[in-house]
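J.:
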Amino acid sequence: DDGGWGLADGTSAATVYVTGALCLLLQEKPSLKADESSGGSDNINAVKQWMMESAIPEEGQVTHDDYYGYGLLNVAGLIQEATQA
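Using our numbering, read the sequence shown as starting at 7 and increasing by one per residue.
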């Protein structure tokens with residue numbers, strides 16, 4: 007280990023960023039809860055939809071694909087989608 011930077015990709019590398027984005031979303035919109043008395047699966051489905059709609063597609067990408075998914079995580083766009091809902 008030379009103490010330098012590394013490069014990683016894939017879902018394991020993305021998990022920490024998506025988790026951080028969800029934390030920021032819950033901070034901005036604390037009414038989102040997973041328990042059924044607070045909206046449960048409807049809230050979970052809404053968050054998934056906001057993430058898909060706010061993603062920034064790769065150049066030339068029109069829809070979801072197996073390599074890029076829906077595109078790059080867009081935290082500001084995610085929070086904007088959620089607060090406008």
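Where a beta carbon is used, it is the ideal one built from N, C-alpha and C, also for glycine.
Just so it is clear, the structure is predicted and the values come from calculations on it, not from any experiment.
Can you give me the C-alpha to C-alpha distance between Q90 and L31, rounded to a whole angstrom?
T.: Counting from one through the sequence shown, the residue named residue 90 turns up at place 84. Counting from one through the sequence shown, the residue named residue 31 turns up at place 25. Spanning the two alpha carbons is a distance of roughly 12 angstroms.
J.: Counting C-beta neighbours from all protein chains within 10 Å, is the total for E87 16 or more, i.e. buried, or is it exposed?
T.: For this step, residue 87 is matched to residue 81 along the sequence shown. Result: buried.
J.: Is it right to say V68 is buried, meaning 16 or more other beta carbons lie within 10 angstroms of its own, or is it exposed?
T.: Residue mapping note: residue 68 aligns to position 62 of the sequence shown, counting from 1. Label assigned to V68: exposed.
J.: Alpha helix (DSSP H) containing E51: first to last residue?
T.: Taking the sequence shown and counting its residues from 1, one reaches residue 51 at position 45. The sequence given here places Asn at residue 51; Glu does not occur at that position. First-last of the alpha helix (DSSP H) with N51: 46-60.
J.: Mark L84 as exposed unless 16 or more other C-beta atoms lie within 10 angstroms of its C-beta, in which case mark it buried.
T.: One-based indexing of the sequence shown puts residue 84 at position 78. That one is buried.
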